[in-house]
Every structure is written in C-alpha cells, then in structure tokens.
Amino acid sequence: MEEIYGDKVCKTYIPRSINFTKAIRNKKTIYDYAPGSHAAVQHMKLVDELLDKWEKAT
1 MEEIYGDKVC KTYIPRSINF TKAIRNKKTI YDYAPGSHAA VQHMKLVDEL
51 LDKWEKAT
C-alpha cells in the first residue's frame, strides 16, 4: 500500500483484540473499558500519528 499511497498510509498497527468486543458489549470506549490495554495504547498512538500528519499538512 505504501508504494501506491506513500506517506498517507499510517505506520501504527492496531491488532485485533477481545477488549474491543467487550468494550462495545459494555457500551464503553476502549479507553474507558481497558485504558491500559495494548489496543487502547495503539489507538492513542494512531490518534497522535494522525494529528502529527494533519499539523504538518496545515
């Protein structure tokens, strides 16, 4: 994908996690349900990466 889209592809990888399913079942965000989980940490890294890309573009 990087060959086609270049720097538009995010580097952060978000793995599948049972915590997402459990959070949805409990009507909570991943940050409320399991804030220290690998899934929550990776989501926050993605947010940081996207904000960084956005700031550089503006």
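Our numbering applies: residue 1 is where the sequence shown begins, and numbers increase by one.
The beta-carbon is built from N, C-alpha and C at its ideal position, and this holds for glycine as well.
It should be emphasised that the depicted structure is a prediction, and the values quoted were computed from it without experimental measurement.
Excluding sequence positions up to five away, which residues of its chain have a Cβ less than 8 Å from the Cβ of residue i?
| i | result |
| --- | --- |
| T29 | A23 |
| Y13 | Q42 |
If you check the beta carbons only, do residue i and residue j fall under 8 Å apart?
| i | j | result |
| --- | --- | --- |
| E49 | K8 | no |
So for residue i, helix, strand or coil by DSSP?
| i | result |
| --- | --- |
| M44 | helix |
| R25 | helix |
| K53 | helix |
| K8 | helix |
Could you name the residues of the same chain whose beta carbon sits closer than 6 Å to that of residue i, not counting the 5 residues immediately before and after it, in chain order?
| i | result |
| --- | --- |
| Y31 | A40 |
| A57 | none |
So with Cβ pairs under 8 Å, would you call residue i a contact of chain C?
| i | result |
| --- | --- |
| V41 | In the structure shown, chain C does not exist; there is a single protein chain. |
Using the beta-carbon count (16 or more within 10 Å), is residue i buried or exposed?
| i | result |
| --- | --- |
| A34 | buried |
Once you ignore the five residues that flank residue i on each side, which residues in its own chain have a CB closer than 7 Å to its CB?
| i | result |
| --- | --- |
| M1 | V9 |
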